[in-house]
Amino acid sequence: MLRPSSQRYSVTRPLYSEDNFEDEHAKVYRKHKSLLDHVKQYFTCTPERAKNAAISLLPIIGWMKIYSVKDWLLNDIVSGISTGLVAVLQGLAFSLLASIPTWYGLYAAFFPVIMYFFLGTSRHISVGSFPVLSLMVGTAVNRLVPDNSTAANITAFEGLSEDEKKILVSASLTFLVGLFQLGMGLLQAGFIVKYLSDTLISGFTTAAAIHILVSQLKFVLGLTVPGFSGPLAIIHTLESVFTQITSTNIHDLVTSIVVMVAVLAVKEINDRFKSKLPVPIPIEVIMTVIACGVSYAFDFGKKHRVDVVGKIPNTIESPIAPNLQIFQMIAVEAFPIAIVGFAVAFAVAKVYSVKHDYILDGNQELIAFGASNIFGGAFKSLVASTALSRSAVQESTGGRTQIAGILSAVIVLVVILGIGFLLEPLPKSVLGAVVIVNLKGMLMQVTSVPYLWKKDRPDCIVWVGTCLAAIFLGLDLGLAVGLGLELLTVVFRAQFPRCSVLANISGTDIYRDRKDYVNIYEPEGVKIFRIPSPIFFANIDFFRDKLKDAVGFNPLRILRKRNKAVKKITKMIKKGELTLTSDGLQATCSMPIEESDDESNMEDLDKPTDYSDLPIQVNWNAELPANIQVPPVYIHSLVLDFSAVSFLDISALKGLQAALKEFIRIDVDVYIVGCDPYIIEKLRDCKFFDDEIKTSIFFLTIHDAMLFIHESHPMNTVSGKVSGSFQYQYMSNELAIQEKEEMKMKVDADIRPETRF
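Numbering (this note's numbering), first residue to last: 126 to 882.
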């Protein structure tokens, strides 16, 4: 690294305003395509575009061409078997969250994986059920088919058992989620996940983890708790659990505690020694096998009233058609599930795409998950996304491509068709314990709150607000509240930016906030104001107020005072109450002239000061006769730093124009520096420039503007700090006009002094 103290640079170039720069460097004007041009280009088909479209819609073509059987196949097989075992267990466990029979959770680890194998762009994520989505599905299922209560009035429910009704709702919801995702993918709406910040997702998933934890208490304690939905559902669930706490099944409780302790301990070993272990120890699978053996040996289901998985059909059920009436009743839940499911999967996939250096296509991922959920919904599957723990197993065990994913689906199929009966004695409390243990990562996100509070309080408010809203109002309303808070923070940051007054680092062309440095000075008679955000309808008034605070006066008030003073002086001269002498204006009346507060004609007062009836040019910083009071203005130039302004809307443009004119009309020269050429073009198109505001006020940098200001206002002509009274200056009106025209010619001249700094 170069040492700052030993480095110097020297630049010699002309002083540039925007006009001078464009005169010297010809600008290329590009023709912008019309909407019709874009439509024609979109529908134009060439062999190259057809090839790219095929590869885009079927990413398997791209990675299959480079697949190395020798180097990758063995890794994919090991990874597929390991992931398949975890997927079986998580499929059974997460189905409990959706309030449907456990074996339907296995379908989520099989059918969606097949479609994603062909359409997905990520090579490492494990597609299947995700606890947060399963819980959101369970909320919709419990709303339409509540436990031990009357189901919603839906024609398709006639003749169905309670479980069959729940499966129909779950399958229809999965199908509708797939339709939403596929539609967004075809409309190229993958950008929508950018509106879900990491902070919002963190707060939302933490709240979901708390919901999941509470929902599993009934399995861990062996209680019968009805499903609740809607706001405050978590309170009602806890109330029901604690009213039955004395009925806890001790066998369920002990089994759950043993499983949780063992799984947590081994997971800690896996994390600590992951570099030394060839594959993570599959502790969930091991504990499941042990629990099945113990439950079968001691007949937990019959002798100790332990709720077990029970009969698992060794066949795949026939597909069903989704119900349109159910679509209408679950659309409110389906859309947030579609967004959250894709956002979580894309976030996990992005981590691995960066790690293994390949491209991820957000829109194609939407299409892939949409098709996967449509296909899965037809076969009664749960909504598919991914789980971080399952994807970590697939990647850490050496998986290179989605061949590992398809092999994991084969393992699930073997369980469904062949050995599922071995899981029939498995206690549901074991599945609940596995679910709770897998919540550790999401629950530990709460530790980020103190950090956010110290570093970024608006983000902290988004996290806490989203989390609390999702806990007490439900996940769907909580997500909406989180989005609202996030948008409010964006508006707040943009509407109330940290504007600053800049000063010069002595002997350099560097300008920084005057409050942040010691060895810094503010140029005499000049105020440099920086706007660090776009200027639009919501913050234009804030910008104008901050500008007034920075300069220390209200230019419109000064202008009105001056116009009133000119009218009063003119009137006094005509009446003979004020005479022009060699020493200045002399009041002939000893009594002070009271100022009139009549401002009925405000329009005249807001116009430029008119000196046509005065035989003198007034120095407004001097003491005026007859006790006429006009606040002094101690600056002659105002520099606005627009280097951080990315856009202006029409409302802001009008407000900016009014603000500039207010300063120009009180003889304060205004300069705008670092403005984006696109904004200048927009100002031209919107007729921003006129007789008062000219294009010559734009400069490339602050230093260019400052050199021009020093050229226009030499230091010996700039008034010093005010102390005591000012000398009153007189000159004939004709001489004043002549001097003003000479100064204008000097300002408009093409002055390019060579500068060195």
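Built from N, CA and C at the ideal position, the CB exists for glycine as well.
Output the distance between the C-alpha atoms of residue i and residue j, rounded to the nearest integer angstrom.
i: L301; j: T368; result: 38 Å
i: H150; j: I656; result: 28 Å
i: M569; j: G418; result: 33 Å
i: L778; j: A784; result: 10 Å
i: S354; j: C592; result: 17 Å
i: W228; j: T522; result: 26 Å
i: A512; j: T362; result: 26 Å
i: C170; j: S135; result: 54 Å
i: K158; j: Y167; result: 12 Å
i: R525; j: D641; result: 51 Å
i: A517; j: I250; result: 8 Å
i: L199; j: F242; result: 18 Å
i: P552; j: T614; result: 47 Å
i: F823; j: D731; result: 25 Å
i: E283; j: V270; result: 13 Å
i: P184; j: V391; result: 37 Å
i: L231; j: A314; result: 30 Å
i: M385; j: A218; result: 14 Å
i: I830; j: R639; result: Per the sequence presented here, residue 830 reads as Ala, with Ile not at that position. Roughly 18 Å between the two C-alpha positions.
i: L140; j: F654; result: 21 Å
Under 7 Å Cβ to Cβ from residue i, same chain only, skipping five residues before and after it: list those, please.
i: E859; result: Low confidence applies to E859: its pLDDT is 40, below 50, so where it sits in the model is not reliable, and the reading given next is rough at best. Closer than 7 Å at the Cβ level, and outside the excluded window around E859, lies no residue.
i: W745; result: R687, V755, P757 and V758
i: V339; result: I359, T362 and L363
i: D162; result: none
i: I335; result: I596
i: I186; result: A179 and I180
i: L214; result: E409, V410, T413 and V559
DSSP three-state call for residue i: helix, strand or coil?
i: K652; result: strand
i: S762; result: strand
i: G557; result: helix
i: L182; result: helix
i: F823; result: strand
i: Y642; result: coil
i: D794; result: strand
i: N498; result: helix
i: N629; result: strand
i: P680; result: helix
i: P172; result: helix
i: Y576; result: helix
i: P403; result: coil
i: Y636; result: strand
i: R430; result: coil
i: S510; result: strand
i: P552; result: strand
i: T137; result: strand
i: S142; result: strand
i: I445; result: coil
i: L613; result: helix
i: I93; result: There is no way to answer for residue 93, as the model of the chain reaches only from 126 to 882.
i: I437; result: coil
i: L749; result: coil
i: I775; result: helix
i: L739; result: coil
i: I660; result: strand
Whose C-beta lies closer than 6 Å to the C-beta of residue i among residues of the same chain, with five residues either side of it excluded?
i: F236; result: F500, G501, F504 and S506
i: A178; result: none
i: G780; result: I665
i: S762; result: V651, D794 and I834
i: P226; result: D288
i: F661; result: D774 and A777
i: L684; result: R790 and I791
i: E143; result: F823
Less than 8 Å between the CB atoms is what I'm expecting for residue i and residue j, so what's the real figure, rounded?
i: F767; j: V795; result: Between V795 and F767 the Cβ distance is about 12 Å, and since that is not below 8 Å, they are no contact.
i: T373; j: L402; result: That belief does not hold up - the Cβ atoms of T373 and L402 are roughly 37 Å apart, past 8 Å.
i: L600; j: M261; result: 5 Å
Within its chain, find whatever has a CB closer than 8 Å to the CB of residue i; leave out the 5 residues flanking it on each side and keep chain order.
i: R637; result: L627, A628, I630 and I645
i: A281; result: L293, N448, Q450 and I451
i: E442; result: F504 and K505
For a test of your reading of the model: does the CB of residue i fall under 7 Å from any non-hydrogen atom of the ligand HEM? Yes or no.
i: F654; result: The ligand content of the structure shown is nil, which means the ligand HEM is not present either.
Quiz item: Which ranges would you report for the alpha helix (DSSP H) in the region 211-265 if only whole runs of at least 4 residues count?
Solution: Listed in chain order, they are 229-232 and 236-244.
Quiz item: What residue ranges within the region 315-396 form continuous alpha helix (DSSP H) runs of no fewer than 4 residues, ordered along the chain?
Solution: List check, alpha helix (DSSP H) in window: 323-340, 342-346 and 358-368.
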